[in-house]
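Student: Counting in our numbering, the sequence shown runs from 36 upward without gaps.
What follows is a structure written as C-alpha cells; I'll ask about it next.
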Amino acid sequence: MFAVRFAAAALALLPACLAPAAPASATAADPWWRHAVIYEIYPRSFQDSDGDGTGDLKGITQRLDYLGQLGVDAIWIAPFYPSPQVDFGYDISDYEAIDPQYGTMADFERLLAEARRRHIRVILDMVLNHTSDQHPWFLDAARSRSSPHHDFYVWSGGKGDGAGGPRPPNNWVSLFGGSAWQFVPAVGEFYYHRFYRQQPDLNWRNPAVERAMFAAMRFWLDRGVAGFRLDAVTELFEDAQLRDAPVLGGVNAQGDPNLSDVYTKNLPEVHAVMRRLRAMVDGYADERVLIGETYLEKTADLDAWYGGAQHDELQLPMDTLVGLGSRLDADTFRRHLSASQTELHGSQPLVVFDNHDNIRSWDRYGDGVHDAQIARIVATLLLTTRATALMYQGQEIGQRTATPRRVEDVRDPLGVRGWPRDKGRDGERTPMQWDASNPQAGFSTSAHTWLPVTSDYAQVNVQRESADPDSLLNWYRRLIALRRSNAALRSGRMLMLDAANPSVLSFARVSAAGEAVIVSLNMSAQPQSVTLGLAQAGLHGARLRTLLTDAGAPAEGAAADRHTLAPFASWVAEVH
Ligand code: GLC
Ligand code: MG
C-alpha cells in the first residue's frame with residue numbers, strides 16, 4: 036500500500052524575509068489551500084511537554100512559533116483520539132475525545148486558538164475505513180449477530196467448517212500481514228480487516244455508518260478545525276460478493292502472496308460518499324479542506340477523487356507518484372509533474388515527499404555523497420511546482436531515517452511481524468530534533484523516549500540550523516517565503532523547459548500578469564548545460580535574476596539562454 040517501503044554552499048544572495056505575512060484572505064475562487072504549505076505533525080514524536088517520553092498537544096502549542104517562522108499555513112496532526120495505540124492512534128476507540136496521553140479537550144481548544152493567532156490552520160486525521168476493536172461499536176458488534184452495531188462491520192460466515200475449523204470466505208490478505216479475516220466464535224463469523232486485526236473495517240454499505248462518521252467529523256468542524264486528512268480512504272469499500280483476489284505471483288515483504296487489489300481498493304462506490312462528504316464540509320464557512328491518502332497507480336486515477344470536471348469530491352487527494360519514488364531522475368519527475376498539470380481537469384495537485392509511513396526522502400533520494408544538495412533539490416521541487424505542498428516534521432532539517440537494528444527494539448507491529456524483510460515504520464517516526472540541550476534533543480526531559488532520539492542530533496537540529504545561513508532549514512524558510520511573496524511561484528501556470536534534457540529538470544512558472552520564474556535542478560553528479568529556450572516558450576526577457584541558489588548556479592545576471600549548472604545544483608531565477 037505504501038508507495039515506497041525499502042528495504043552548500045553559499046545560499047541565496049537575497050535577504051530572505053523570514054517573518055511570515057498574514058495570509059491574504061482567501062476567496063472561493065482562490066481558496067487558501069491552493070497555495071498552502073501543510074506540515075504534518077506526528078504527535079507522539081513532535082514535542083513532549085510533560086516528561087513522559089511521548090509527545091503531546093501542549094508540546095505542539097509550545098512549538099507554534101517555530102512553525103509560524105517556518106511559514107506553514109496549516110498543520111495536519113496524526114490521530115490523537117483515545118486509542119489502544121496498536122497502530123499508534125490509527126486504531127480509534129472514540130472519535131470525539133482526546134487520548135489522555137496527548138492531553139485534554141481544553142489543551143486542544145488552546146492549541147486551536149494559539150494556532151489561529153498565528154494564522155495557522157489545524158487539520159485533523161480522520162480514520163473512516165476502520166475503528167479499533169476496542170471501540171464500543173465493535174465490542175457491541177462482536178457480542179451477537181443481533182447487536183445494533185453488528186452491521187457496522189464487514190462480516191462473513193466463511194466457507195463453513197472444514198476439518199481445521201471455519202475457513203475465511205476468500206484469499207484476501209491484510210496489508211499488515213496474514214489473512215484479512217478474523218473469526219469471532221461468539222457470533223460464528225469472520226470480520227474483515229484491511230490493516231491489523233485490531234482495526235476492523237467499517238461497513239460503508241450501511242447508511243448508519245456514514246451518519247455516525249459524518250457526525251464525528253461535524254463534532255470537530257463545529258470546533259473550528261480546517262478540515263481532514265482522510266486516512267486509507269481508498270479502502271472504504273470491498274467487493275460485495277467477496278470474490279477471491281486474482282493472484283499475481285510472488286510474495287510481499289510480509290511473506291504473503293501478492294494479490295491484485297481490484298476487490299478491496301478504489302471501488303467506484305466510494306465516490307458517492309465523497310460527494311456527500313464534500314457537500315457536508317462545504318456547508319461550513321472558511322473553505323474547509325479534504326485531503327486524501329490516495330496511493331494510486333497513475334496520476335489519471337486521481338482525477339476521479341477530485342470529482343473530475345465537477346470538482347465536487349476531495350480538494351486535495353495526495354499525489355504520491357511525484358515524491359514517493361526513490362530515483363532522483365529528471366525524466367521521471369518531468370513525466371509525473373506534467374501529468375499532474377494535464378490529467379486532472381485543472382485541479383490543484385498535492386505533492387508529498389515525506390510522511391510517517393515511508394523512508395524519509397533524505398535516505399530515499401540521497402546518494403550518500405551529495406545528500407545535502409539532493410535534499411535542497413527535493414525541497415525546491417516540493418515548493419516551486421504548481422502544487423500545494425505537504426511536508427513532514429523533520430524534513431526541513433534533514434532528519435534521517437533511523438531504522439531499528441534489532442527486532443527487540445521495534446515498536447511498529449508491522450516491523451515485528453515483517454522482520455527482517457519489513458522493518459516497519461519506526462525509522463521515520465523518531466523524535467523531532469530541536470537542539471542539543473539534552474540527550475533527548477530537546478524533545479523530552481525523559482531519558483526513556485518512546486522511540487530513541489537519533490544519534491546525529493547534535494549536528495542535525497533546529498537550533499543549530501537556524502543559526503546557520505547555509506542550512507537546509509534556512510533553505511526551506513527562504514523557499515516558503517519566496518512562494519508566498521512571488522506571484523508566479525504562488526499561483527502561476529507551469530511549463531516545462533529544455534524538456535529533452537535527461538539530467539536537468541527545468542520549468543517555468545508564469546503569473547497571470549506574465550511575470551516568470553524559472554527553476555533548474557541538476558539531478559546528476561556532473562556539470563550539465565541547460566538550454567532554457569525562453570523565447571520558444573513565449574517568455575520574453577533579457578536578464579535572469581537569481582532568487583535562490585546553492586553553489587553551482589550560473590552567474591548573477593546571466594542573460595544567455597544556455598547555462599551550465601554544477602552537479603546537483605538548484606537554481607531559481609526571475610526573468611526580466
Ligand atoms: C494510513 C496511515 C498509517 C496507518 C494506516 C492504517 O496508511 O498513514 O500510518 O497505519 O493508514 O490506519
Ligand atoms: Mg474498508
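Yeah, the Cβ is synthetic: ideal placement off N, Cα and C, and Gly gets one too.
Excluding the 5 residues flanking residue 576 on each side, which residues of the same chain have their C-beta closer than 6 Å to its C-beta?
Tutor: Position 541 of the sequence shown, counted from the start, is the residue given in the question as residue 576. Once the five neighbours on either side are set aside, the close Cβ partners of residue 576 are 610 and 611.
Student: Between the C-alpha atoms of residue 78 and residue 127, what's the straight-line distance to the nearest angstrom?
Tutor: In the sequence shown, counting from the first residue as 1, residue 78 sits at position 43. In the sequence shown, counting from the first residue as 1, residue 127 sits at position 92. Those two C-alpha atoms are separated by around 15 Å.
Student: Output needed for residue 203: all residues of its chain with C-beta closer than 6 Å, excluding positions within five of it in sequence on either side, in chain order.
Tutor: In the sequence shown, the residue the question calls residue 203 occupies position 168. Hits under 6 Å: 193, 214, 216 and 225.
Student: Hey, out of 238, 144 and 231, whose CA is closest to residue 185's CA?
Tutor: The residue given as residue 185 occupies position 150 in the sequence shown. With distances taken between Cα atoms, residue 185 lies closest to 238.
Student: Identify whether residue 139 lies in helix, strand or coil by the three-state DSSP scheme.
Tutor: Looking up residue 139 in the sequence shown gives position 104. In the structure shown, residue 139 sits in coil (DSSP, three-state: anything other than H, G, I, E or B).
Student: Nearest-angstrom Cα distance between residue 608 and residue 164?
Tutor: Stepping through the sequence shown from its first residue, residue 608 is reached at position 573. Stepping through the sequence shown from its first residue, residue 164 is reached at position 129. Computed Cα separation, rounded: 45 Å.
Student: Would you be able to state if there are at least three C-beta pairs under 8 Å between the stretch 459-467 and the stretch 65-81?
Tutor: yes
Student: Pick out every residue whose C-beta is nearer than 5 Å to a heavy atom of the ligand GLC: which are they, in chain order?
Tutor: In chain order, the qualifying residues are 122, 125, 230, 266, 267 and 392.
Student: For residue 235, which of helix, strand or coil comes out of DSSP?
Tutor: Start at 1 with the first residue of the sequence shown, and residue 235 comes out as number 200. If DSSP states are grouped into helix, strand and coil, residue 235 belongs with coil.
Student: Thinking just about the alpha-carbon of each residue, which of 277, 523, 297 and 271 is nearest to the one in residue 283?
Tutor: Position 248 of the sequence shown, counted from the start, is the residue given in the question as residue 283. Per the Cα distances, 297.
Student: With 16 as the cutoff for other CB atoms within 10 Å, does residue 571 come out buried or exposed?
Tutor: Translated into the one-based positions of the sequence shown, residue 571 becomes position 536. Classification of residue 571: exposed, given that the 10 Å Cβ count is below 16.
Student: Just to confirm my understanding: we take residue 270, look at its own chain, exclude 5 residues before and 5 after, and list those with CB closer than 8 Å. What are they?
Tutor: Sequence index remark: in the sequence shown, residue 270 carries index 235 (1-based). Excluding sequence neighbours, residue 270 sits near 164, 229, 236, 299 and 300.
Student: At a cut of 8 Å, does the stretch 504-523 reach the stretch 396-412 through at least three beta carbon pairs?
Tutor: Short answer: they touch.
Student: Go ahead and pull the three-state DSSP assignment for residue 563.
Tutor: Mapped onto the sequence shown, residue 563 falls at position 528. In the structure shown, residue 563 adopts extended strand secondary structure according to DSSP, grouped into three states.
Student: Taking residue 445 as part of the beta strand (DSSP E), name the residues at either end of that continuous run.
Tutor: Position 410 of the sequence shown, counted from the first residue, corresponds to residue 445. Residue 445 -> no beta strand (DSSP E), and no H or E assigned at all.
Student: Buried or exposed, going by whether 16 or more other CB atoms sit within 10 Å of the CB of residue 56?
Tutor: Position 21 of the sequence shown holds residue 56. For residue 56, the predicted structure reports a pLDDT of 44, less than 50, and the residue's modelled location is therefore unreliable. The matter cannot be settled from this model.
Student: According to DSSP, is residue 467 helix, strand or coil?
Tutor: Along the sequence shown, one-based indexing puts residue 467 at 432. For residue 467, the secondary structure class from DSSP, reduced to helix, strand or coil, is coil.
Student: Excluding the five sequence neighbours on either side, which residues of its own chain have a C-beta within less than 6 Å of the C-beta of residue 142, listed in chain order?
Tutor: Position 107 of the sequence shown, counted from the first residue, corresponds to residue 142. These residues qualify, in order along the chain: 92 and 93.
Student: Starting from the Cα of residue 69, find the closest Cα among 548, 449 and 381 and give me that residue.
Tutor: The sequence position of residue 69 within the sequence shown is 34, counting from 1. Nearest neighbour of residue 69 by Cα position, chosen from 548, 449 and 381, turns out to be 381.
Student: Using the Cα positions of residue 40 and residue 400, report the straight-line distance between them to the nearest angstrom.
Tutor: Position 5 of the sequence shown, counted from the first residue, corresponds to residue 40. Position 365 of the sequence shown, counted from the first residue, corresponds to residue 400. Any reading at residue 40 needs caution, since the residue's pLDDT is 47, under 50, leaving its predicted position unreliable; the model's value is listed next. For residue 40 and residue 400, the distance between alpha carbons rounds to 13 Å.
Student: Which value, in whole angstroms, describes the spacing of the CA atoms of residue 534 and residue 363?
Tutor: The sequence position of residue 534 within the sequence shown is 499, counting from 1. The sequence position of residue 363 within the sequence shown is 328, counting from 1. Approximately 16 Å, taken between the alpha carbons.
Student: Based on Cα-Cα distance, which residue from 106, 101, 66 and 95 lies nearest to residue 519?
Tutor: Counting from one through the sequence shown, the residue named residue 519 turns up at place 484. Taking only the C-alpha atoms, the option nearest residue 519 is 106.
Student: If you run the structure through DSSP and keep just helix, strand and coil, what is residue 171?
Tutor: For this step, residue 171 is matched to residue 136 along the sequence shown. In the structure shown, residue 171 sits in a helix (DSSP, three-state: H, G or I).
Student: Taking just the CA atoms, how far does residue 483 sit from residue 489?
Tutor: Within the sequence shown, numbered from 1, the residue matching residue 489 stands at position 454. Within the sequence shown, numbered from 1, the residue matching residue 483 stands at position 448. The alpha-carbon atoms of residue 489 and residue 483 are separated by roughly 13 Å.
Student: I'd like to know if the stretch 416-427 and the stretch 385-399 are in contact, where contact means that at least 3 CB-CB pairs between them fall below 8 Å.
Tutor: yes
Student: What do you get for residue 461, buried or exposed, if any count of 16 or more other CB atoms within 10 angstroms of its CB means buried?
Tutor: Counting from one through the sequence shown, the residue named residue 461 turns up at place 426. Taking a 10 Å sphere around the C-beta of residue 461, we find 16 or more other C-beta atoms and assign the residue as buried.
Student: Taking the alpha helix (DSSP H) that residue 306 falls in, what are its first and last residues?
Tutor: Position 271 of the sequence shown, counting from 1, holds the residue named residue 306. 305-317 is the span of the alpha helix (DSSP H), which, as asked, contains residue 306.
Student: Residue ranges of each beta strand (DSSP E) run of no fewer than 3 residues wholly in the stretch 329-410, ordered along the chain?
Tutor: For the stretch 329-410, whole beta strand (DSSP E) runs of length 3 or above, ordered along the chain, are 351-354 and 385-387.
Student: Mind checking which residues open and close the beta strand (DSSP E) that includes residue 217?
Tutor: Residue 217 sits at position 182 when you count from the first residue of the sequence shown. Element bounds for residue 217: 216-219.
Student: So is residue 433 buried or exposed if we call it buried at 16+ other beta carbons inside 10 Å?
Tutor: Start at 1 with the first residue of the sequence shown, and residue 433 comes out as number 398. Buried, by the Cβ-count rule.
Student: So what does DSSP say about residue 492, is it helix, strand or coil?
Tutor: Position 457 of the sequence shown holds residue 492. Helix, per DSSP.
Student: Give the single residue among 416, 372, 339 and 243 whose Cα lies nearest to the Cα of residue 630.
Tutor: Residue numbering for the chain in the displayed model covers 36 to 611; residue 630 lies beyond these limits and cannot be assessed.
Student: Closer than 8 Å is the cut-off here; do at least three beta carbon pairs connect the stretch 330-337 with the stretch 303-312?
Tutor: Touching, no, given that fewer than three Cβ pairs across the two stretches are closer than 8 Å.
Student: Would you give the residue range spanned by the beta strand (DSSP E) that residue 530 belongs to?
Tutor: Working through the sequence shown from its first residue, we reach residue 530 at position 495. Per DSSP, residue 530 belongs to the beta strand (DSSP E) from 528-532.
Student: Let me confirm a value: residue 322 is counted as buried when at least 16 other C-beta atoms fall within 10 Å, else exposed. Which label applies?
Tutor: In the sequence shown, counting from the first residue as 1, residue 322 sits at position 287. Burial state of residue 322 is buried, judged by a 10 Å Cβ sphere holding 16 or more other Cβ atoms.
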